[in-house]
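In what follows, a structure is listed as structure tokens, so that the remarks can point back to it.
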Amino acid sequence: MNVQAWTFVIVGLTFALYIAIAWWSRAGTTGDFYIAGRGVHPIANGMATGADWMSAASFISMAGIISFSGYFGSVYLMGWTGGYVLLALLLAPYLRKFGKFTVPDFVGDRYDSQTARVVAVLCAIFVSFTYVAGQMRGVGVVFSRFLEVDITIGVIIGTGIVFIYAVMGGMKGITYTQVAQYCVLIFAFTVPAVFIALMLTGDAIPQLGFIGEMKGEGVSLLSKLDGINQELGFAAYTAAPTEWVSTAGAKGYTDVLAITLALMVGTAGLPHVIIRFYTVPKVRDARLSAFWALLFIALLYTAAPAVAAFARTNLIETTRNAYYDPAAAPEGAKVIPDWFRKWEDTGLIAWVDKNGDGQIQYTGSGLDSGGAPGHAAAFNGKPSFVTADDVASGAFNSERGAHGEREIKNDLTDSANELFIDRDIIVLANPEIAQLPDWVIALVAAGGLAAALSTAAGLLLVISTSVSHDLLKRVIMPGISEKQELTAARGAAAVGVVLAALLGIYPPGFVAQVVALAFGLAASSFFPVILLGIFSKRTNKQGAIAGMLTGLGVTTAYIVYFRFGPGERADWLLGISPEGFGSVGMLVNFAVAITVSRCTKPPSPAIIAMIEDIRVPAGAGEAHEMQVPPAHG
Amino acid sequence: MPPTDRQPDQRSRSQSYWRANLIVVGSLLVAWFIVSFLCGIVFVEPLNQFRIGGAPLGFWFAQQGSIYVFVLLILIDVIVMNRLDAKWGFRED
Chain A
478 MNVQAWTFVI VGLTFALYIA IAWWSRAGTT GDFYIAGRGV HPIANGMATG
528 ADWMSAASFI SMAGIISFSG YFGSVYLMGW TGGYVLLALL LAPYLRKFGK
578 FTVPDFVGDR YDSQTARVVA VLCAIFVSFT YVAGQMRGVG VVFSRFLEVD
628 ITIGVIIGTG IVFIYAVMGG MKGITYTQVA QYCVLIFAFT VPAVFIALML
678 TGDAIPQLGF IGEMKGEGVS LLSKLDGINQ ELGFAAYTAA PTEWVSTAGA
728 KGYTDVLAIT LALMVGTAGL PHVIIRFYTV PKVRDARLSA FWALLFIALL
778 YTAAPAVAAF ARTNLIETTR NAYYDPAAAP EGAKVIPDWF RKWEDTGLIA
828 WVDKNGDGQI QYTGSGLDSG GAPGHAAAFN GKPSFVTADD VASGAFNSER
878 GAHGEREIKN DLTDSANELF IDRDIIVLAN PEIAQLPDWV IALVAAGGLA
928 AALSTAAGLL LVISTSVSHD LLKRVIMPGI SEKQELTAAR GAAAVGVVLA
978 ALLGIYPPGF VAQVVALAFG LAASSFFPVI LLGIFSKRTN KQGAIAGMLT
1028 GLGVTTAYIV YFRFGPGERA DWLLGISPEG FGSVGMLVNF AVAITVSRCT
1078 KPPSPAIIAM IEDIRVPAGA GEAHEMQVPP AHG
Chain B
-3 MPPTDRQPDQ RSRSQSYWRA NLIVVGSLLV AWFIVSFLCG IVFVEPLNQF
47 RIGGAPLGFW FAQQGSIYVF VLLILIDVIV MNRLDAKWGF RED
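Protein sequences, first through last, are from chains A and B.
Sequential numbering from 478 applies to the first sequence in the numbering used here.
Sequential numbering from -3 applies to the second sequence in the numbering used here.
As structure tokens, this is what we get:
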């Protein structure tokens, strides 16, 4: 069986599994649909949270980003795990005690305000749509790369699968499919990592191989990587910010701090993560499932930097100065590995022989497009290959260059660098770079799909709940029956899936930029109001609304001005990039909410009683029925 | 016990529980801040003079160590808070 046959078999089996689970866990009530009937075991919830959280970006792109940016990749590692500490300590147990179904439920009830509820709903919908577009695109990309089908067809197949289990099973269906998806994705990520760790360092555990020595070389992996990076004109892999001065991709200390904080706080404030903690039976289960969730996430997040370092070492060692054409290579000279040609066809790697020696020169020296030294590109933009049409029209002589490589149309840079490498190749091509069996390669495709589908489903649930519960039931038509609400929830999920598919097929050009906005908005809106709602009795309606609006306002304005508007890097406030500005937005939200609350009336005694109630765990099971304020209160 | 007596007792127990909770959460957050923001970012260069295995220490904290500590912090929170729940009589059945 070849790779493609294996991929069809493994992906087909996993999809059949997801649908079977969805059938078995159909939702009968709104409680099932929104919060899986509150019957999820903490370990299962931990796995579901892990799959919910780890998206196509975590699975496919993160190791690649670290591989190419060394120390700076740490912002994602610390940011996307540290948020769980905030979630477990500051939010999850209290939100579970509060009960109900959604984040806007808490904001609306705690601040006794429909305005606050509607602001929260709009944020939740915006953040979730931003995110889901990227997931559906990820599904299409995995399909097109591994199964050679069109991206559009890939998106449609993925949409069909999500449609079946999200619309039929709601939170219950999603939770148990996510458990299966977690198992698929962690297996798919770990197997290649273990093989490569064994090959390079002789240590089967990637996390230990990362700090270990190169097999038979008597030098540590990271020292070796620092050395080859510097030899090629890049900054040392492990070097801290000041040693990367003015290198492309370098960030100042303030920016590294700001981005890490924004990602942590944003993670803790993302509605699709928070609602997972509503699904467990008890308050202590909420704490416990936060522990399991982070443990399961950490399995991938601590292996990712190891994969990044292994892959970079491998990649440089196998391609540097290698001959593209085996026939042209002198006796005993290094020739490019087989995977190079396959991934060249997908546009993830490209070579242009600038000096005509037939060998691949890979170097970081020379100026990048921004005029900074290091990480010089071989040519501008992503590779655009010469096609048969270009040859037919006479614009180019051949689709192939002098050595048989794919000829590109891009404008070349002045740098001596001849190699283009897309960072996604680190995970996608890793099994081939390490010459692993075909079924492992197929497994990576199934893993990427599991990561993207599980996150998409979690986000769609937030969108559907926001519409059917937060808007319809709580604001527009409070009188609707449970059955009508469930139908509305299913309808909203169906519409959401279709919209997400359209965003995946016709991706707006700004998807990558708006992901920063999603974290910024979660950090500057939800996190502060939920935290104050629990920890500060004095924070009232006026404070919360003013805080959310100003936090959102400054964050959106900053990101839009610098990402889409005329803003220049030199004008960044304290050197903080748009990606990290959510942390400033959060501080603004806190400051405004606290100040405005002090200047206005304190919350009513019923609200104070409710805060005191959510602070202690006993009686969480009944909390949702007991929420009614005392008759003579 | 008549309900009139239970009310103030419950209230003072809640307040003691909450104060203990704040101390636990506060201490764990201090550790969270130290391993990530201090060891992984602010003091990464001085720490890089030391090594853990083959990795510079500051770099290791930023890419591995902080994550291990995060997992451990939540585990400590689970254990300590379960004890506090039992101690102040808020353990759920």
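Beta carbons are placed, not taken as given, at the ideal position from N, Cα and C, and that holds for glycine.
Burial state of G847/A (16 or more Cβ within 10 Å)
Working through the first sequence from its first residue, we reach residue 847/A at position 370. At G847/A the pLDDT is 41, less than 50, meaning the model places this residue with poor confidence; the figure from the coordinates comes in the next sentence. G847/A sits exposed, since fewer than 16 C-beta atoms from the chains shown fall within 10 Å of its C-beta.
Quick one: is S697/A near chain B, going by C-beta distance under 7 Å?
Residue mapping note: residue 697/A aligns to position 220 of the first sequence, counting from 1. At least one C-beta of chain B is nearer than 7 Å to the C-beta of S697/A.
Backbone secondary structure at P908/A - three-state DSSP
Taking the first residue of the first sequence as position 1, residue 908/A is located at position 431. Helix at P908/A.
Going by DSSP, what residues sit across from L34/B in a beta bridge?
Along the second sequence, read from residue 1 onward, the residue named residue 34/B stands at position 38. According to DSSP, which records beta bridges pairwise, L34/B is partnered with nothing at all.
Along the segment 996 to 1019 of chain A, where does the CB come closer than 7 Å to a CB of chain B? Name the residues.
Sequence-ordered contacts of the segment 996 to 1019 of chain A with chain B are nonexistent [C-beta pairs closer than 7 Å].
First and last residue of the uninterrupted alpha helix (DSSP H) at F664/A
Taking the first sequence and counting its residues from 1, the one referred to as residue 664/A is at position 187. 628 to 678 is the span of the alpha helix (DSSP H), which, as asked, contains F664/A.
Just confirm the distance between the C-beta atoms of A934/A and T526/A, as a whole number of angstroms; I'd bet it's less than 8 Å.
Your numbering for residue 934/A matches position 457 in the first sequence. Your numbering for residue 526/A matches position 49 in the first sequence. Cβ-Cβ separation between A934/A and T526/A: approximately 13 Å, too far for a contact (criterion under 8 Å).
Inter-stretch contact (C-beta, 8 Å, three-pair minimum) for the segment 734 to 744 of chain A and the segment 1042 to 1060 of chain A
Touching, yes, given that three or more Cβ pairs across the two stretches are closer than 8 Å.
So with Cβ pairs under 7 Å, would you call S8/B a contact of chain A?
Position 12 of the second sequence, counted from the first residue, corresponds to residue 8/B. False, the Cβ-Cβ gap to chain A never drops below 7 Å.
If you check the beta carbons only, do V1117/A and G1020/A fall under 7 Å apart?
No answer is possible for residue 1117/A: it lies beyond the span of chain A, which begins at 478 and ends at 1110.
Once the 5 residues before and after F672/A are set aside, which same chain residues still bring their CB inside 7 Å of it?
If you number the first sequence from 1, residue 672/A lands on position 195. The residues are A911, L913.
Contiguous alpha helix (DSSP H) assignments of at least 4 residues, all confined to the segment 868 to 939 of chain A:
The segment 868 to 939 of chain A contains these whole alpha helix (DSSP H) runs: 902 to 905, 907 to 910.
Pairs of beta-carbons, one from the segment 1060 to 1070 of chain A and one from the segment 1030 to 1041 of chain A, closer than 8 Å: are there three or more?
Verdict: yes, contact present.
At the level of alpha carbons, what is the spacing between Q11/B and S23/B?
As a working note, residue 11/B is residue 15 in the second sequence. As a working note, residue 23/B is residue 27 in the second sequence. Spanning the two alpha carbons is a distance of roughly 19 Å.
Counting only beta-carbon separations shorter than 7 Å, does S766/A have a partner in chain B?
Here residue 766/A refers to the residue found at position 289 when the first sequence is read from its first residue. Output row for S766/A: interface = no.
Is the segment 913 to 923 of chain A close to the segment 660 to 671 of chain A, with three or more CB pairs under 8 Å?
The segment 913 to 923 of chain A vs the segment 660 to 671 of chain A: in contact.
Using C-beta distances below 6 Å, list every residue in its chain close to E690/A, excluding the 5 sequence neighbours before and after it, in chain order.
Reading the first sequence from its first residue, position 213 is the one you call residue 690/A. Setting aside the 5 residues that flank it on each side, E690/A is surrounded in the same chain by S697, each with a C-beta closer than 6 Å to its C-beta; the list follows chain order.
Inter-stretch contact (C-beta, 8 Å, three-pair minimum) for the segment 76 to 87 of chain B and the segment 35 to 47 of chain B
Touching, no.
If you count every other CB in all the chains shown that lies within 10 Å of the CB of N706/A, and 16 or more means buried, which is it?
Here the question's residue 706/A lines up with position 229 in the first sequence. Flag for N706/A reads buried.
Would DSSP call R47/B helix, strand or coil?
On the second sequence, residue 47/B is found 51 positions in, with the first residue counted as 1. Collapsing the DSSP output to three states places R47/B in a strand.
Do you know whose CA, among V65/B, L53/B, G49/B, lies nearest G695/A's CA?
On the first sequence, position 218 is the one that residue 695/A refers to. Comparing alpha-carbon positions, the option among V65/B, L53/B, G49/B lying closest to G695/A turns out to be G49/B.
Determine the closest residue to G516/A out of S605/A, D762/A, A643/A, with distance taken between C-alpha atoms.
To locate residue 516/A, count along the first sequence from 1; it is residue 39. Comparing alpha carbon positions, the residue from S605/A, D762/A, A643/A closest to G516/A is D762/A.
So for L69/B, helix, strand or coil by DSSP?
On the second sequence, residue 69/B is found 73 positions in, with the first residue counted as 1. DSSP, reduced to helix, strand and coil, places L69/B within a helical segment of the structure shown.
Considering only residues of the same chain and omitting the five flanking positions on each side of V868/A, which have a CB-CB separation below 8 Å?
Indexing the first sequence from 1 puts residue 868/A at position 391. So the list reads N874, S875, E876, once near-sequence residues are dropped.
Do A1068/A and T1016/A count as a contact pair if the criterion is CB distance below 7 Å?
The residue given as residue 1016/A occupies position 539 in the first sequence. The residue given as residue 1068/A occupies position 591 in the first sequence. A1068/A is positioned such that its CB atom lies no closer than 7 Å to that of T1016/A.
Could you check what DSSP says for A1083/A in three-state terms: helix, strand or coil?
In the first sequence, residue 1083/A corresponds to position 606, counting from 1. Secondary structure at A1083/A: helix, using DSSP grouped into helix, strand and coil.
Express the C-alpha separation of F86/B and P1107/A in angstroms, rounding to a whole number.
Here residue 1107/A corresponds to residue number 630 of the first sequence, with the count starting at 1. Here residue 86/B corresponds to residue number 90 of the second sequence, with the count starting at 1. Per-residue confidence for P1107/A stands at a pLDDT of 36, beneath the threshold of 50, marking its modelled position as unreliable; the derived number appears in the next sentence. For P1107/A and F86/B, the distance between alpha carbons rounds to 21 Å.
How long is the line joining the alpha carbons of A1000/A and G878/A, rounded to whole angstroms?
For the purposes of this step, residue 1000/A is taken as the residue at position 523 of the first sequence. For the purposes of this step, residue 878/A is taken as the residue at position 401 of the first sequence. The C-alpha of A1000/A lies about 49 Å from the C-alpha of G878/A.
Residue-chain proximity (F689/A, chain B), Cβ-Cβ < 7 Å:
Position 212 of the first sequence, counting from 1, holds the residue named residue 689/A. The amino acid at residue 689/A is misidentified as Phe; the sequence shows Gly. The C-beta of G689/A comes closer than 7 Å to at least one C-beta of chain B.
Supposed contact pair S943/A and L506/A - C-beta distance, whole angstroms, cut 8 Å:
To locate residue 506/A, count along the first sequence from 1; it is residue 29. To locate residue 943/A, count along the first sequence from 1; it is residue 466. Note on residue identity: the sequence assigns Thr, not Leu, to residue 506/A. Going by Cβ atoms, the distance from T506/A to S943/A rounds to 19 Å, so no, they are not a contact pair.
Could you give the uninterrupted runs of the alpha helix (DSSP H) lying entirely in the segment 484 to 561 of chain A, keeping only those of 4 residues or more?
Whole alpha helix (DSSP H) segments, 4+ residues: 507 to 512, 519 to 530, 539 to 546.
Which of helix, strand or coil does DSSP assign to E41/B?
For the purposes of this step, residue 41/B is identified with residue 45 of the second sequence, where counting begins at 1. Reduced to three states, the DSSP call for E41/B is helix.
Limits of the alpha helix (DSSP H) - the one that A971/A falls within:
Here the question's residue 971/A lines up with position 494 in the first sequence. Looking at the DSSP string, the run of the alpha helix (DSSP H) that includes A971/A is 959 to 982.
Return yes when the Cβ of I1084/A is within less than 7 Å of the Cβ of D703/A, no when it is not.
Taking the first residue of the first sequence as 1, we reach residue 703/A at position 226. Taking the first residue of the first sequence as 1, we reach residue 1084/A at position 607. Contact flag unset, no.
Start and end residues, alpha helix (DSSP H) containing I1071/A
Sequence index remark: in the first sequence, residue 1071/A carries index 594 (1-based). First-last of the alpha helix (DSSP H) with I1071/A: 1059 to 1076.
Cβ distance (whole Å) where R883/A is taken to contact E821/A below 8 Å
What you label residue 883/A is simply residue 406 of the first sequence in a count that begins at 1. What you label residue 821/A is simply residue 344 of the first sequence in a count that begins at 1. Indeed, because the Cβ distance is near 5 Å, the residues count as touching under 8 Å.
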